[in-house]
Amino acid sequence: MTNRGVGRLQYSAGAVSKGFWFQELKKYNTLLNKGFGDGEIKEM
Numbered sequence: 001m002t003n004r005g006v007g008r009l010q011y012s013a014g015a016v017s018k019g020f021w022f023q024e025l026k027k028y029n030t031l032l033n034k035g036f037g038d039g040e041i042k043e044m
């Protein structure tokens, strides 16, 4: 088994993680604006 292409990754884990957390924060703020509470959002 070989790991071809692993050295050619174009995105770092940090860049991918940053995008993920941005989307989560955006979703959280949207739900807050719709009237959901912090506890309700965390249970979703």
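Under the working numbering, the residue at position 39 of the sequence shown is numbered 39, and the numbers go up by one with no gaps. Don't be surprised by glycine CBs; every beta carbon is placed ideally from N, CA and C.
Cut-off 6 Å between Cβ atoms - residues of its own chain near residue i, not counting five sequence neighbours on either side
i	result
methionine 1	Residue placement at methionine 1 is flagged as unreliable, the pLDDT there being 46, under the threshold of 50; a coordinate-derived value is accordingly withheld.
leucine 31	Ile41
Beta-carbon contacts of residue i that lie in its chain and below 7 Å, excluding the five residues immediately before and after
i	result
tyrosine 28	Ile41
Cβ-based neighbour list, residue i, same chain, cut-off 8 Å, excluding 5 preceding and 5 following
i	result
tryptophan 21	none
glycine 14	none
Local conformation of residue i per DSSP, three classes
i	result
phenylalanine 36	coil
serine 12	coil
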